[in-house]
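Let me begin by presenting the structure, written as structure tokens, before commenting on it.
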Amino acid sequence: MSESENLLEVRDLRKTFRVAGAGKKRLCALDGITLDLKRGETLGLVGESGCGKSTLARTLLMLERPDEGTVSFDGIDPYSLRGKELLNFRRRVQMVFQDPYASLNSRMTAADIIAEPWRSHKNMYKTRKDREMRVRGLLDLVGLGAKAADKYPQEFSGGQRQRIGIARALALDPDVIICDEPVSALDLSVQAQVLNLLNELQQELGIAYIFISHDLSVVRHVADRVSVMYLGRIIENGPTEAVFDRPNHPYTAALMSAAPKLDSAQRKDRILLKGEVPSPIDPPSGCRFRTRCWKATEICATTAPPSAADPKIAGHAAECHHPLLAEGSMLATA
Amino acid sequence: MTAAVDHKPTVRQTDAKPVLDVDGMSVEIRTINGTVRAVNDVSFTARRGETLALLGESGCGKSMTATALVGLLEPVADVVEGSATLGGVDLFQVGRAKRREMAGTELAIVFQDALTALNPLYTVGTQLAEPFRIHHNLSAKEAKRKAVDLMTRVGIPQPESRLNSYPHQFSGGMRQRLLIAMAVALNPSVLIADEPTTALDVTVQAQIMALLRDLRSEYDMAVVLITHDLALVAEEADRVAVMYAGNIIETGPVSEVFANPKHPYTKGLLNSVPVNARRGDDLKSIGGSPPDLQAIPEGCVYQARCPLAREVCTTTRPPLDTVQTGRKAACHFPEEVSNV
Amino acid sequence: MSSGIDLVPVKPTTAIVGEPGKKRAASKWFQMLLNDRVAAVAAAILGFVFLTAIFGPMLVGDLATKIDLDNSNQAPFTLAHGWANFLGTDPLGRSMLARLIVACQTTLSVAIPAVVISAIVGSAIGMWAGFYRGWRETVAMRVADVIMSFPSLLLAVVVLYVFSPSAANIVLVLAITRIPVYLRTARAESAELQSRLFVDAARTFGASASSIIFRHVLPIVLPTLLTVATLDFCYVMLAESSLSFLGIGIQPPDVSWGLMVSQGRTYLHTAWWLSFFPGLAIVITTVSATILAAWARIATDPAQRWRLTVPQKRLSRFAKTTKRI
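Protein chains in written order, with our numbering: chain A, 1 to 334; chain B, 1001 to 1340; chain C, 2001 to 2325.
Take a look at the structure:
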């Protein structure tokens, strides 16, 4: 496994939806997404509601078809596959869902839930004994005992249900697991357990994660690299520490300052953005953040901002006409 | 150009007057297997101009405490003992008429999910005017004017034109502002906020908390903030009461409790937050799961998950004792917590 | 890592805590039934009716058909003419009690197959339409609309008049007119389930449409369909009774409750019991089924189930919430 090789390459992905009542206008959920994911790496995806991160996750899982753009998974375009090839391909990307109560069918036992993927991939574990053994193995791997196999989801706590969801995602031996807010619905003490579990699984099995979360402290802990989304575009991208401590994009800076911090040493004055997130049906022209940005000038309304690379940190870039390069994370106080 | 910045006042200790005094409150739920004690012997005080946080994970009883105080318990739950004194009146002893009178004028609550807390069939103007029409007997026109004032106060743009909009036409943050507006309309003494920002984005959360802070000082209210978010408590609350399995296990000023906790559960929570852990390190999680409320063991409620548990913990339940001035903890070994 | 499985309540107010698997499921339902006294009585009555339908005619033998003109039109509630005639006799001297029992079997043997057929066909089409949405859904809904827009009784009258009114035809006609109810219910639930996360999860591992429908949609839709079916059973029973009353349902010498009501019509002033008892039987059965359907609606909904797990008193939210200390 070459470490520098990109496992997943997404270029210029676009997806719109028809919206009832909006007439001809369509809801632009993804407006040109470009990202890379390496083997065994964790990419954090942050953004507020409506930014399109769920749509991106669903598109990468092929639950939605993109309108434009390319996805290249290990050199293959999954959207060109059909039939059996497509079915085999589905094994490589799996998802852990946000809601541990809604993502498991409450009428199936834990063993049924974990084994369900194999019903569509019958060549994986042919005999019943093989399947039972593998279910036991997976339950052990996620820290639930073998006795959990015959119980129903109602008999488990939220954290344990999430573990079942993780076991189900592992059932097909995927290369990439997309975690859509996997710990948001869990209690704090359980969050830590599940995050530790995800970490161990990555170290043992070499799985890459795309970790979607709105909880910045969690993302900071788990991600190698972070992409920040706003209204369907990735507006900043880079190594975790760089994006968190030295954000280049004003939105990222506002986001980082808004999150409450336990450690008082990390607290700085909070930036208050004006206005609200514009509707994705009618995004602002030019830079979509300009309606709320304190640095906006005329050029921001007319031209889409270019990707400005951070000269000091490789792989760190933001789409902004006036990036915060010189000021770093300390905002000029009034 | 520089950004608009919210200068946060440093959290200050106050000796303000206590306005809500809860003493020894317990709530039991009737289930098919017998009664379950969801809240056990809970006591706390809320003071004017101060934010008290009830901190705990799901199932610890914090939300049930709030609903018991405002009289909205589900039919299967009862307050079985204790008192809650607000303005000289014990909320659990007065009749429904008096409770109705106090709702909104003395005690108000803001819930988590604004969409379900607002009636989708009435306009926002009608709902905001409702408190004034009920309690102050204002005419429709006057009440509407008050509603507009309220909307301006909580920062909703173009309030006159939005009076006739319906709740679903607002964004989540705006709806939460509406709920807050309805709650503070009659200038209550105590405002209970039950997970007010859990469902909101982080930038909106910052705005809402700033609004609550402003309203608190303007109306000189006591705010009881119910949440599971430690960072939020650290930034917004003055004092904190940590709950576990229906009991309060630690209280005190926030900065002191978080810097030097005197209960292993508080310490465990603080360890679970990925604050300064490095990438790739495991977080020090608390093992096990919260106890089954129907099978709370004798002795300390936390014994099954506590790294300091000893024999005395299985036999005697530690009372909530003072460990330092202004701080209490329910633990037999509060001094050893720093080793956890 | 968490050690072992701890049974934890999902929410403090969810009364059913830590259900330990299928083994005790039956007693859980029984307990919920007992907690609702009215529903328990209704269930007992319905059980009795079903048992009568199955075993009754065997026990009664030919009492229902033996013509005994000496005993014609005897009044009920006396044992003077034998215990079999406790509910009176009809103009041909046949025991009312025996006829009621045999009619029970006939009535149910029309109502139940009609419900079963319409439920299976309607639900299958509905789930399929709701899963795929798009044109399949539109077509299915329009077909349902067409069937529903015909006054069903009128349609039945026409069909049975043209073709002979045999029991099989009656079942078929009633089944067809009731399909839309199941179709619409199943379609609505199926369409709503498409946005559920576990259905998405199934799609991510490439599950086919039929496996998603059987594995996920059907088990969840089933309780609602059973509730609808119970209510529909009442309707079908009444419809059959109406058809028989009009003379195009069950034909003599077969007997159904509706037919008995019809035959007793001319004697209402002189022999009131001829129409009264079969009418009462219809009412009791339909009311019991309706009550049981209401119970089933609550029992099969995990969110509402708590109402059946505690005694009925003080279910009002506005009762005082403190006990005297």
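A virtual CB, placed ideally from N, CA and C, is assigned to each residue, including glycine.
Pick from the options: whose alpha carbon is nearest that of residue i?
i	options	result
residue 1262 (chain B)	B:1138, B:1324, B:1207, B:1122	B:1324
residue 160 (chain A)	A:187, A:172, A:181, A:137	A:187
residue 264 (chain A)	B:1204, B:1200, B:1332, B:1255	B:1255
residue 2219 (chain C)	A:288, A:292, A:106	A:106
residue 122 (chain A)	C:2109, C:2073, C:2222, C:2205	C:2205
residue 2065 (chain C)	C:2040, C:2154, C:2036, C:2096	C:2096
residue 1246 (chain B)	B:1220, B:1294, B:1185	B:1294
residue 2279 (chain C)	C:2260, C:2291, C:2296, C:2269	C:2260
residue 1300 (chain B)	B:1264, B:1275, B:1268, B:1283	B:1264
residue 267 (chain A)	A:273, A:259, A:274	A:259
residue 2111 (chain C)	C:2140, C:2300, C:2028, C:2168	C:2168
residue 1133 (chain B)	B:1104, B:1033, B:1161, B:1116	B:1104
residue 1226 (chain B)	B:1243, B:1217, B:1286, B:1079	B:1243
residue 2240 (chain C)	C:2061, C:2166, C:2128	C:2166
residue 1068 (chain B)	B:1088, B:1027, B:1050	B:1027
residue 43 (chain A)	A:132, A:323, A:7	A:7
residue 1287 (chain B)	A:10, A:118, A:131, A:190	A:190
residue 57 (chain A)	A:319, A:180, A:325	A:180
Less than 8 Å between the C-beta atoms of residue i and residue j, yes or no?
i	j	result
residue 1077 (chain B)	residue 1129 (chain B)	no
residue 251 (chain A)	residue 235 (chain A)	yes
residue 1066 (chain B)	residue 1109 (chain B)	yes
residue 255 (chain A)	residue 1203 (chain B)	yes
residue 1188 (chain B)	residue 1106 (chain B)	yes
residue 31 (chain A)	residue 232 (chain A)	yes
residue 1138 (chain B)	residue 1127 (chain B)	no
residue 71 (chain A)	residue 13 (chain A)	yes
residue 1054 (chain B)	residue 1241 (chain B)	yes
residue 162 (chain A)	residue 135 (chain A)	no
residue 1052 (chain B)	residue 1239 (chain B)	yes
residue 1084 (chain B)	residue 1174 (chain B)	no
residue 1282 (chain B)	residue 248 (chain A)	no
residue 1020 (chain B)	residue 1222 (chain B)	yes
residue 10 (chain A)	residue 228 (chain A)	no
Between which two residues does the beta strand (DSSP E) harbouring residue i extend?
i	result
residue 152 (chain A)	Looking at the DSSP string, residue 152 (chain A) is not in any beta strand (DSSP E), and its letter there is neither H nor E.
residue 2296 (chain C)	That residue, residue 2296 (chain C), is in no beta strand (DSSP E); its alpha helix (DSSP H) goes 2273-2299.
residue 1166 (chain B)	Per DSSP, residue 1166 (chain B) belongs to no beta strand (DSSP E) and is neither H nor E.
Starting from residue i and walking both ways along the alpha helix (DSSP H), at which residues does that stretch end?
i	result
residue 2234 (chain C)	2218-2246
residue 300 (chain A)	298-302
residue 244 (chain A)	240-245
residue 2141 (chain C)	2134-2149
residue 1266 (chain B)	1264-1272
### Task
Specify whether the stretch 2099-2108 of chain C and the stretch 2244-2263 of chain C touch according to this definition: at least 3 beta carbon pairs, one from each stretch, less than 8 Å apart.
Contact holds between the stretch 2099-2108 of chain C and the stretch 2244-2263 of chain C, because three or more Cβ pairs, one in each stretch, are under 8 Å apart.
### Message
By the 8 Å beta-carbon criterion, what residues does the stretch 112-135 of chain A contribute toward chain C?
### Response
From the stretch 112-135 of chain A, only 116, 117, 119, 120, 121 have a Cβ closer than 8 Å to chain C.
#### Entry: Where the stretch 2195-2208 of chain C meets chain A: residues whose CB sits under 8 Å from a CB there
Result list: 2196, 2197, 2198, 2200, 2201, 2202, 2203, 2204, 2205, 2206, 2207, 2208.
### Task
Count the C-beta pairs between the stretch 2181-2194 of chain C and the stretch 2119-2126 of chain C that are closer than 8 Å, then say yes if the count reaches three, no if not.
They touch, by the three-pair rule.
### Residues of the stretch 44-64 of chain A whose Cβ lies closer than 7 Å to any Cβ of chain B, in chain order
Listed by position along the chain: 48, 49.
### Query
Taking any Cβ of chain A, which residues in the stretch 2212-2227 of chain C have a Cβ under 8 Å from it, in chain order?
So the close ones are 2215, 2216, 2219, 2220.
### Query
Using a beta-carbon distance cut-off of less than 7 Å, what residues from the stretch 184-206 of chain A approach chain C?
Residues passing the 7 Å Cβ filter: 193.
### Task
Determine contact between the stretch 2194-2211 of chain C and the stretch 2068-2079 of chain C, defined as no fewer than three beta-carbon pairs at a distance below 8 Å.
Counting Cβ pairs under 8 Å, fewer than three are found: no touch.
### Task
Taking only beta carbons into account, state which residues of the stretch 75-109 of chain A come closer than 7 Å to chain C, listed in chain order.
Within the stretch 75-109 of chain A, 87, 90, 94, 95, 97, 99, 102, 103, 104, 105, 107 place their CB atoms closer than 7 Å to a CB of chain C, listed in sequence order.
### Task
Check distances from the C-beta atoms of the stretch 1218-1230 of chain B to those of chain A and list, in chain order, the residues that come in under 9 Å.
For the stretch 1218-1230 of chain B, the set of residues with a beta-carbon nearer than 9 Å to any beta-carbon of chain A comprises 1228, 1229, 1230, in chain order.
### Query
Any contact of the stretch 2206-2217 of chain C with the stretch 2146-2161 of chain C, i.e. 3+ C-beta pairs under 8 Å?
No, they do not touch.
### Inter-stretch contact at 8 Å, needing at least 3 Cβ pairs: the stretch 2029-2041 of chain C / the stretch 2290-2300 of chain C
Yes, the stretch 2029-2041 of chain C is in contact with the stretch 2290-2300 of chain C.
### Query
Between the stretch 166-175 of chain A and the stretch 137-151 of chain A, do three or more beta carbon pairs fall short of 8 Å?
At 8 Å Cβ cutoff, the stretches touch.
### Task
Count the CB pairs spanning the stretch 298-306 of chain A and the stretch 271-288 of chain A that are closer than 8 Å, and state whether there are at least three.
Between the stretch 298-306 of chain A and the stretch 271-288 of chain A there are three or more C-beta pairs closer than 8 Å, enough to call the two in contact.
### Query
Just checking, does the stretch 1206-1226 of chain B make contact with the stretch 1159-1167 of chain B on the three C-beta pairs under 8 Å criterion?
At 8 Å Cβ cutoff, the stretches do not touch.
### Query
If you measure beta-carbon to beta-carbon, which residues of the stretch 140-174 of chain A are closer than 9 Å to chain C?
Contact annotation: in the stretch 140-174 of chain A, residues whose CB is within less than 9 Å of a CB in chain C are 142, 143, 144, 145, 147, 148, 150, 151, 152, 154, 155, 156, 157, 158, 159, 160, 163, 165, 168, 169, 171, 172.
### Query
Quick one, which residues of the stretch 1262-1276 of chain B are near chain A if we go by CB-CB under 7 Å, in chain order?
Per Cβ criterion, the list reads 1268, 1269, 1272, 1273, 1274, 1275, 1276.
### Query
Do the stretch 145-153 of chain A and the stretch 56-65 of chain A make contact, defined as three or more Cβ pairs closer than 8 Å?
Touching, no.
### Message
Under 8 Å, with one C-beta from each stretch per pair, do the stretch 2282-2289 of chain C and the stretch 2042-2055 of chain C reach the 3-pair mark?
### Response
The stretch 2282-2289 of chain C makes contact with the stretch 2042-2055 of chain C; the number of CB pairs closer than 8 Å reaches 3 or more.
### Task
Check whether the stretch 2077-2090 of chain C touches the stretch 2127-2134 of chain C, taking contact to mean three or more Cβ pairs, one atom from each stretch, closer than 8 Å.
The stretch 2077-2090 of chain C, when compared against the stretch 2127-2134 of chain C, does not touch it at the 8 Å Cβ threshold.
#### Entry: Contact set between the stretch 278-305 of chain A and chain B, restricted to residues whose Cβ is under 7 Å from the partner
For the stretch 278-305 of chain A, which is checked against every Cβ of chain B, the residues closer than 7 Å are 294, 295.
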